[in-house]
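Asker: 2 is the number of the first residue of the sequence shown in my numbering; add one for each residue after it.
First the structure, then my questions, so here it is.
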Amino acid sequence: MSSGSIPRYVPSQTPISSRIPLGKRTAEHAGLASSTQEPPSTARKTQAILQSDLERRLRASQQKEAELLALLEEARDEIETARDINRRLAEDDARREETEAQKSQKELETLQASQQTIHRLRSERNDLQQSNAQLSTQLTTLTHQSNSTRTSLENQVTLLTGQLEVVEEESKEWRERAEERKLEIGSLRRQVEELIEEAEKAKREEGEEKVGVVLREELHRQAKNLQNQDLAMSTMKTELVQLRQRKDDVEILQQQIKELDRAWGDKCHLAAETAERLRSDLDALASAQSSETSQTQLQTTIQLHQEALSTLSVKETEIKSLQARLESLSASSRGAISSLSTQVESLERELRLAQEGRKNAEMRAELMSKEVRILDGAVTAEGGRKASAAGVLSEGDLTDKVRRLEELLESYKEKVEGMEKDSRKLEEDVAAGKGYVRKDMFDQLSVERDTLNQQVGSLQSQLTSLPELESELFSLRDQTTSLESEISLLERRVARGEYNPETFQCLQLSINPSSQDLAIRTATLDALREENQALLGMIEGKEGESVPRVSMELLRKEKEAEKAQLEKRLLRLKEVFQAKSQEFLDTLYSLLGYRINFSPNGDVRLNTTYASKSALGFKFSSQEGHFGTMQLTGSMAKNFDELRDFWVTQRQEIPCFLASVTLELYDACTRGKAAGWVRPVDPDDE
């Protein structure tokens, strides 16, 4: 049997005779009461009647007791069933409460998780917006760089076209020079023929004086031509050295252009990778927000995702177009550089041809030196002949002279044939279009190379100066914060009316604080002396009950001065308190985003920084004996009924409600700014 059950009643099995109380019996129980009055037969009858009555009553009581026991059993069974039912109900209630608590806990956890996911998604969205802003800045810098490179390449192309025109003009000049050389060779050939004719004529006439004069004149002319050719060869050698140096500079410039193209391709690839990563992050954000319960947030996030994708696609197309333009410009610059390199090679070939021409000129110089020696020998022979007495030429001298002239003609013929071969080769080279570049073109190329090097150096200096600029920015921010704190401290000191001897100077010594203090002390001392004299006179005149007029005037002046000083101090305290309270309210407004206004009737109004007064407002009012009420005013008040029921009605958490309202308004405000909206400013907010 359980401890809470009722003990079962068991009837006593003792006979009826044992239930009669023990001890002294009464006369009625002993049957002596009527023994004196009635006979024994009647007594036995009455005793039998009483016994039968008692037995009947005993049976009735036993039946009643059995009925009561049955009722007691039924009641006990009902109580047991009721207890079982109560226990089941209690268990059901406990189970229901536990399930409700678990359900509410789960709902709270899901709500917290959803809020955390919302905050996380908002932070991710902010990060994505920041990364998008960084990408836009990178894109602007890349566009500026591409524009600068495009302009520089266009300038290079224009310069190269101008140089090409100059080279074409120079090739024309070289062709004209080749024609002139051809004409010179023809003239030399004619001169040789004339010399041969003159030699034959001299042989026929056997006159030596005319031959010597002609040979001397030809010798002087050939010497002058040789000097001119030597000067031309020296200038061409110097130009060749400069051209070779500039060819090396052109190769360095080509390498720099290739490096710039490679760096531009790396930057474009990096921008494309960041765009792809941003697109994947936005896709992940959209997929994560698909599990949220709020349909409006999902739609806004998808809309933002689509807008970001559209902007990214536009930026990507712009980057691709800029890359294509840069590639075309680089290809055109490479073509121009290749054409310039071919022109340099052709100039080198022409220089080699000029060197061969110089060799020919040297051979001609040797020929002329031989002629000079022969003429010297002829002059000496002529001098010896004149010294002879007869003045008639011998046959041996004539034969020697003729032999020397024939040798000279043979050497002339050989040199002329070599010069004809060189001239033909030069004509073939000129006909093939082999030309050289002048010094001006390579000067322009070197200037372009210097400008490109300067641009690269400026970019590198900008990249190296970035950390210095950041450190300078941080130092300037620290200086601004320190200056703001110093300004606020000085404003508070000025509001308190402090005297700063470092900033304030006394221009007149008669109005300085020390002289004013001395004047006040002397005035009070004089007033006290007058009052003392008046009191002494009153004592002498026995005017004890009256007060001197001077004392009254002094007390009145002191009272007015103290009153004015107290009013001035109270005014300053009011100003300081007003400034402090305004500073406190501004601090709350900047930290929490709510502006607090206290009404004279005791009401408190809150206005958020993300909505105007006409859009949303909070009114808190309280009366004596009442815990207070909160009221939402404005056109946006109906949008926050669910949050108010969740935080205020169910949980009595007003700070959480205000924080959630701030987050919702911030979300709506940032979405509106991203879409290009502008929040209307209420004139009461100013």
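By construction, the Cβ of each residue, glycine as well, lies at the ideal position given by its N, Cα and C atoms.
By a C-beta neighbour count over all protein chains shown, 10 Å radius and 16 as the cutoff for buried, is G618 buried or exposed?
Answerer: Looking up residue 618 in the sequence shown gives position 617. Burial call: buried.
Asker: Nearest to N640 by CA position, among T150, A612 and S591, is which residue?
Answerer: Position 639 of the sequence shown, counting from 1, holds the residue named residue 640. Of the candidates T150, A612 and S591, the one whose C-alpha sits nearest the C-alpha of N640 is A612.
Asker: Who are the near neighbours of A83 in its chain, counting only those whose CB is closer than 7 Å to its CB and skipping five residues on each side?
Answerer: One-based indexing of the sequence shown puts residue 83 at position 82. Correct list: empty, nothing qualifies.
Asker: Which whole-angstrom value is the C-beta distance of I655 and M637, which I expect to be below 8 Å?
Answerer: Along the sequence shown, read from residue 1 onward, the residue named residue 655 stands at position 654. Along the sequence shown, read from residue 1 onward, the residue named residue 637 stands at position 636. Rounded, the Cβ-Cβ distance is 18 Å, inconsistent with contact.
Asker: Less than 8 Å between the beta carbons of Y595 and L666, yes or no?
Answerer: Against the sequence shown, residue 595 aligns to sequence position 594. Against the sequence shown, residue 666 aligns to sequence position 665. Not closer than 8 Å, so no.
Asker: Do you know offhand how far A191's Cα is from L184's?
Answerer: Taking the sequence shown and counting its residues from 1, one reaches residue 191 at position 190. Taking the sequence shown and counting its residues from 1, one reaches residue 184 at position 183. Checking the sequence shown, residue 191 turns out to be Arg, not Ala. Going by the C-alpha atoms only, they are around 10 Å apart.
Asker: Using three-state DSSP, classify Q256 as helix, strand or coil.
Answerer: Your numbering for residue 256 matches position 255 in the sequence shown. Helix at Q256.
Asker: Which whole-angstrom value is the C-beta distance of S552 and A535, which I expect to be below 8 Å?
Answerer: Within the sequence shown, residue 552 is the residue found at index 551, counting from 1. Within the sequence shown, residue 535 is the residue found at index 534, counting from 1. Their Cβ separation, rounded to whole angstroms, is 7 Å, which keeps S552 and A535 in contact under 8 Å.
Asker: Around the C-beta of R60, are 16 or more other C-beta atoms found within 10 angstroms, so that it is buried, or is it exposed?
Answerer: As a working note, residue 60 is residue 59 in the sequence shown. That one is exposed.
Asker: Output the distance between the C-alpha atoms of E554 and K620, rounded to the nearest integer angstrom.
Answerer: Translated into positions along the sequence shown, residue 554 becomes position 553. Translated into positions along the sequence shown, residue 620 becomes position 619. Cα to Cα, the separation comes out at about 54 Å.
Asker: What span of residues does the alpha helix (DSSP H) with M553 cover, start to end?
Answerer: The residue given as residue 553 occupies position 552 in the sequence shown. Start and end: R550 to L593.
Asker: For R478, I'd like the list of residues in its chain whose CB is within less than 8 Å of its CB, leaving aside the five on either flank, ordered along the chain.
Answerer: Within the sequence shown, residue 478 is the residue found at index 477, counting from 1. Within the same chain, R478 has no close Cβ partners at all.
Asker: DSSP three-state call for R1: helix, strand or coil?
Answerer: In the structure as shown, the chain starts at 2 and stops at 687, and residue 1 therefore has no counterpart that could be examined.
Asker: Please state the DSSP three-state secondary structure of N87.
Answerer: For the purposes of this step, residue 87 is taken as the residue at position 86 of the sequence shown. Correct three-state label for N87: helix.
Asker: Quick check on E79: buried or exposed, where buried means 16 or more other Cβ atoms within 10 Å of its Cβ?
Answerer: For the purposes of this step, residue 79 is taken as the residue at position 78 of the sequence shown. So E79 ends up on the exposed side.
Asker: Take V577 as the anchor and find which of R493, Q651, E643 and G635 has the nearest alpha-carbon.
Answerer: Start at 1 with the first residue of the sequence shown, and residue 577 comes out as number 576. Among R493, Q651, E643 and G635, the Cα nearest to that of V577 is on R493.
Asker: Give the secondary structure of S622 by DSSP, where H, G and I count as helix, E and B as strand, and everything else as coil.
Answerer: Within the sequence shown, numbered from 1, the residue matching residue 622 stands at position 621. Residue state, collapsed to three classes: strand.
Asker: Can you tell me whether V448 is buried or exposed? The criterion is at least 16 other CB atoms within 10 Å of its CB, across all chains shown.
Answerer: The residue you call residue 448 lines up with position 447 of the sequence shown. Burial call: exposed.
Asker: Shortest alpha-carbon distance to L586 belongs to which of V605, K564, E195 and W648?
Answerer: Numbered from its first residue, the sequence shown carries residue 586 at position 585. Here the closest residue by C-alpha is V605.
Asker: Quick one: grab the DSSP three-state call for L617.
Answerer: By one-based count along the sequence shown, residue 617 stands at place 616. In this structure, L617 counts as coil in the three-state DSSP scheme.
Asker: DSSP beta-bridge partners for R596?
Answerer: Along the sequence shown, one-based indexing puts residue 596 at 595. In the DSSP output, where bridge partners are listed per residue, R596 has N608.
Asker: Please work out which residues of its chain come closer than 8 Å, Cβ to Cβ, to G24, disregarding the five sequence neighbours upstream and downstream, and give them in chain order.
Answerer: Within the sequence shown, numbered from 1, the residue matching residue 24 stands at position 23. Confidence at G24 is low in this model, with a pLDDT of 43, below 50, so the placement of that residue should be treated as unreliable; the coordinate-derived value is given next. Nothing meets the Cβ criterion.
Asker: I'd like the span of the beta strand (DSSP E) that includes M637, first residue to last.
Answerer: Within the sequence shown, numbered from 1, the residue matching residue 637 stands at position 636. M637 -> no beta strand (DSSP E), and no H or E assigned at all.
Asker: Do G603 and I623 count as a contact pair if the criterion is CB distance below 8 Å?
Answerer: Here residue 623 refers to the residue found at position 622 when the sequence shown is read from its first residue. Here residue 603 refers to the residue found at position 602 when the sequence shown is read from its first residue. Sequence inspection shows Ser at residue 623; the Ile mentioned does not correspond to that position. Contact: yes.
Asker: Could you tell me whether any non-hydrogen atom of the ligand FMN is closer than 7 Å to the CB of K360?
Answerer: Absent from the structure shown: the ligand FMN. Ligands present: none.
Asker: Assuming G635 contacts S615 under a Cβ cut-off of 8 Å, what Cβ separation, rounded to an integer in Å, is found between them?
Answerer: Residue mapping note: residue 635 aligns to position 634 of the sequence shown, counting from 1. Residue mapping note: residue 615 aligns to position 614 of the sequence shown, counting from 1. Between S615 and G635 the Cβ distance is about 6 Å, and since that is below 8 Å, they are a contact.
Asker: Let me know if E568 comes out buried or exposed under the rule of 16 or more other beta-carbons within 10 Å of its beta-carbon.
Answerer: Position 567 of the sequence shown holds residue 568. The residue in question, E568, is exposed, as its Cβ has fewer than 16 Cβ neighbours within 10 Å.
Asker: Going by the beta-carbon positions, is the gap between T588 and T663 smaller than 8 Å?
Answerer: The residue you call residue 588 lines up with position 587 of the sequence shown. The residue you call residue 663 lines up with position 662 of the sequence shown. No; because the gap between Cβ atoms is not below 8 Å, this pair is not in contact.
Asker: Do D668 and R123 have their CB atoms nearer than 8 Å?
Answerer: By 1-based counting over the sequence shown, the position of residue 668 is 667. By 1-based counting over the sequence shown, the position of residue 123 is 122. Contact flag set, yes.
Asker: How big is the Cα-Cα spacing for A134 and E469?
Answerer: Position 133 of the sequence shown, counted from the start, is the residue given in the question as residue 134. Position 468 of the sequence shown, counted from the start, is the residue given in the question as residue 469. Each residue's alpha carbon lies about 23 Å from the other.
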